[in-house]
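Numbering (this note's numbering), first residue to last: 3 to 256. By construction, the Cβ of each residue, glycine as well, lies at the ideal position given by its N, Cα and C atoms. The structure presented is a predicted model; accordingly, all values stated were derived computationally and were not measured. Structure record follows, encoded as structure tokens.
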Ligand code: MN
């Protein structure tokens, strides 16, 4: 079992990486499930991800409420995380963000967002689009209660990513590193697809076999994954926070 301090430290690093890679800005958030209690998860208090420190991390229950007395404001949309953890026991980490490159694909019906580049294969073959208006009518588009979160989780179903019409996306993965990687490459895949559309003609999406081949035998602690994590953490100015024990572990498993 991973040490709780390490889990929280990695969550801090993940916040900084997503900010540095421009997946999140003042808004957007990432959470990780409690490694020993699957009914709890960790998410920062309401603060820009770039500024998150270990002391900002709050422990929440699957109802989206803090498990201890908490006086600091929390993210309004924490129910996205709670509802996905509730619906998906396999999910260990969740991101919600508004990356601009993905927004057109939640608005325009003509072109589905699917993998077109090898690093985009992590998002999976199917990226459903959730429209809050379908069930809740005219809202401010934010997911501010469990009912809305559950409806989003239902649309996500067994997929890795759901787009949220006119708003952003939610992504879910089996590990923190995986959800970070997916959330970094999701906007890049969207950008490549958008530019290809501008060039005109037919779009060649990745074939199902290619997506499967990329995801087969994947390990969140492989050397390949660690390489990206180490690179991003250093780029985000938090290389000194990296857990070197896991570094050695990754090299050993290679
Ligand atoms: Mn949002």
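{"Query": "Residue 241 in three-state terms, based on DSSP", "Result": "helix"}
{"Query": "Cβ neighbours of residue 255 in the same chain (closer than 6 Å, five flanking residues each side left out)", "Result": "Because the pLDDT at residue 255 is just 48, under 50, the model does not fix this residue reliably, and the point stays unresolved."}
{"Query": "Host alpha helix (DSSP H) of residue 89 (start-end)", "Result": "80 to 89"}
{"Query": "Residue 105 beta carbon near ligand 1 (any heavy atom closer than 7 Å)", "Result": "no"}
{"Query": "Neighbour-count burial assignment, residue 75, 16 or more Cβ in a 10 Å radius", "Result": "exposed"}
{"Query": "Closest residue to residue 246 among 195, 232, 239 and 101 (Cα-Cα distance)", "Result": "232"}
{"Query": "Backbone secondary structure at residue 104 - three-state DSSP", "Result": "helix"}
{"Query": "Beta-carbon spacing of residue 32, residue 62 below 8 Å", "Result": "no"}
{"Query": "Cα-Cα separation, residue 143 to residue 119", "Result": "30 Å"}
{"Query": "Heavy atom of ligand 1 within 7 Å of residue 79 beta-carbon", "Result": "yes"}
{"Query": "Outcome for residue 150 when other beta-carbon atoms lying within 10 angstroms are tallied against a minimum of 16", "Result": "buried"}
{"Query": "Separation of residue 35 from residue 86, as counted between CA atoms", "Result": "11 Å"}
{"Query": "Heavy atom of ligand 1 within 7 Å of residue 308 beta-carbon", "Result": "Only positions 3 to 256 of the chain appear in the structure, and residue 308 is not among them; the question remains open."}
{"Query": "Cβ distance (whole Å) where residue 166 is taken to contact residue 178 below 8 Å", "Result": "Residue 166 to residue 178, Cβ: 21 Å. No contact."}
{"Query": "Any non-hydrogen atom of ligand 1 within 7 Å of residue 168 CB", "Result": "no"}
{"Query": "The region 130 to 143 touching the region 190 to 206, judged by at least three CB pairs closer than 8 Å", "Result": "no"}
{"Query": "Beta-bridge pairing of residue 47 - partner residues as DSSP gives them", "Result": "76"}
{"Query": "Meets three-Cβ-pair contact criterion under 8 Å: the region 51 to 65 and the region 100 to 112", "Result": "no"}
{"Query": "Residue span of the beta strand (DSSP E) that contains residue 172, given as start and end", "Result": "170 to 175"}
{"Query": "Residue range of the beta strand (DSSP E) that includes residue 63", "Result": "59 to 63"}
{"Query": "Between the CA atoms of residue 215 and residue 133 - distance to the nearest angstrom", "Result": "31 Å"}
{"Query": "Own chain partners of residue 157 with C-beta closer than 6 Å, once the 5 adjacent residues on each side are dropped", "Result": "130, 132 and 164"}
{"Query": "For residue 32, the residue or residues it bridges with in DSSP", "Result": "97"}
{"Query": "Euclidean distance between Cα positions of residue 198 and residue 67", "Result": "43 Å"}
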